[in-house]
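Student:
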Amino acid sequence: MKFLKIRLFAIYSDYFSKIIVNFSILIKTVTFFILLLLSFIKYIKTLALWSVFSQLSLLFAFSIIAWLDVSNYFLTKNLTIEYFNFNNSLFFIAACVYCYEGAGVVLSLESATSPTIRFGFKRILNCAIFVFFMVNCSFGISGYLSFGKDTQSIITLNLEYKDSHLLHLLNLVKFLICISLMLTFPIIYTSGSQTFLH
Numbered sequence: 010m011k012f013l014k015i016r017l018f019a020i021y022s023d024y025f026s027k028i029i030v031n032f033s034i035l036i037k038t039v040t041f042f043i044l045l046l047l048s049f050i051k052y053i054k055t056l057a058l059w060s061v062f063s064q065l066s067l068l069f070a071f072s073i074i075a076w077l078d079v080s081n082y083f084l085t086k087n088l089t090i091e092y093f094n095f096n097n098s099l100f101f102i103a104a105c106v107y108c109y110e111g112a113g114v115v116l117s118l119e120s121a122t123s124p125t126i127r128f129g130f131k132r133i134l135n136c137a138i139f140v141f142f143m144v145n146c147s148f149g150i151s152g153y154l155s156f157g158k159d160t161q162s163i164i165t166l167n168l169e170y171k172d173s174h175l176l177h178l179l180n181l182v183k184f185l186i187c188i189s190l191m192l193t194f195p196i197i198y199t200s201g202s203q204t205f206l207h
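Numbering (the numbering used here), first residue to last: 10 to 207.
1) Can you say whether Ala-70 is buried or exposed, counting buried as having 16 or more other CB atoms within 10 angstroms of its CB?
2) Would you please state the rounded distance, in angstroms, between the beta carbons of Ser-215 and Ile-188? I believe it to be under 8 Å.
3) Would you mind working out which of Ile-74, Phe-130, Leu-176, Phe-101 sits nearest Ile-186, comparing C-alpha positions?
4) Taking the Cβ atom as the reference point for each residue, do Ala-121 and Lys-51 lie within a distance shorter than 8 Å?
5) Ignoring anything shorter than 4 residues or poking outside the segment 138-196, list the alpha helix (DSSP H) runs there in chain order.
6) Would you please state the rounded distance, in angstroms, between the beta carbons of Leu-58 and Met-191? I believe it to be under 8 Å.
7) Return yes when the Cβ of Ser-48 is within less than 8 Å of the Cβ of Thr-193, no when it is not.
8) With 16 other CB atoms within 10 Å as the buried threshold, where does Ile-196 fall?
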């Protein structure tokens, strides 16, 4: 929730801070109540539409990031690239673990599937994890090739442009990532609450 508040405040503080005095408190309150309401949904099947919308917004945001990375790669020359940096290895391991934070949802998804199609679940899961791994690797590599040694831990922090057209596009990317996180949270929470209630 803190990440959502920081990102949304960074995006829209220029627009709304003159109108609303306590814009930060408003973002915290609205985000909290949306997450609270979505967390009361008991069945994963009900959250399928939220998940699809979340994934589509994330896919759209990632495609914009990839386009900006590739366009920045051809604009910059003579980047300093380090192939291994021991100081960042712990952050790399933490990021790898964080990428699979929603793995606990898999057990609830498997138990929610029909027994007639459950036999193919493991194969589909392996394919999905492989695709997820390849997408994360491609974004990491393209981001690093685009910005070199100056790559920051959150890729959207690298994408700072002075052009107003690209600035609005970057704000759209940040907003879509926040929406995706907000809609994904109840899915992760549902599996834990179902386990706790049973």
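For each residue, glycine too, the CB sits at the ideal point set by N, CA and C. Bear in mind that the values here come from a model prediction, so they are computed numbers and not experimental data.
Tutor: Once the coordinates are examined:
1) Per the 10 Å Cβ criterion, buried.
2) With the chain represented from 10 up to 207, any question about residue 215 goes unanswered, as that position is not in the structure.
3) Closest option to Ile-186, judged by alpha-carbon separation, among Ile-74, Phe-130, Leu-176, Phe-101: Ile-74.
4) Not closer than 8 Å, so no.
5) Listed in chain order, they are 164-167.
6) Not really, about 14 Å apart at Cβ, beyond 8 Å.
7) Contact: no.
8) Buried, by the Cβ-count rule.
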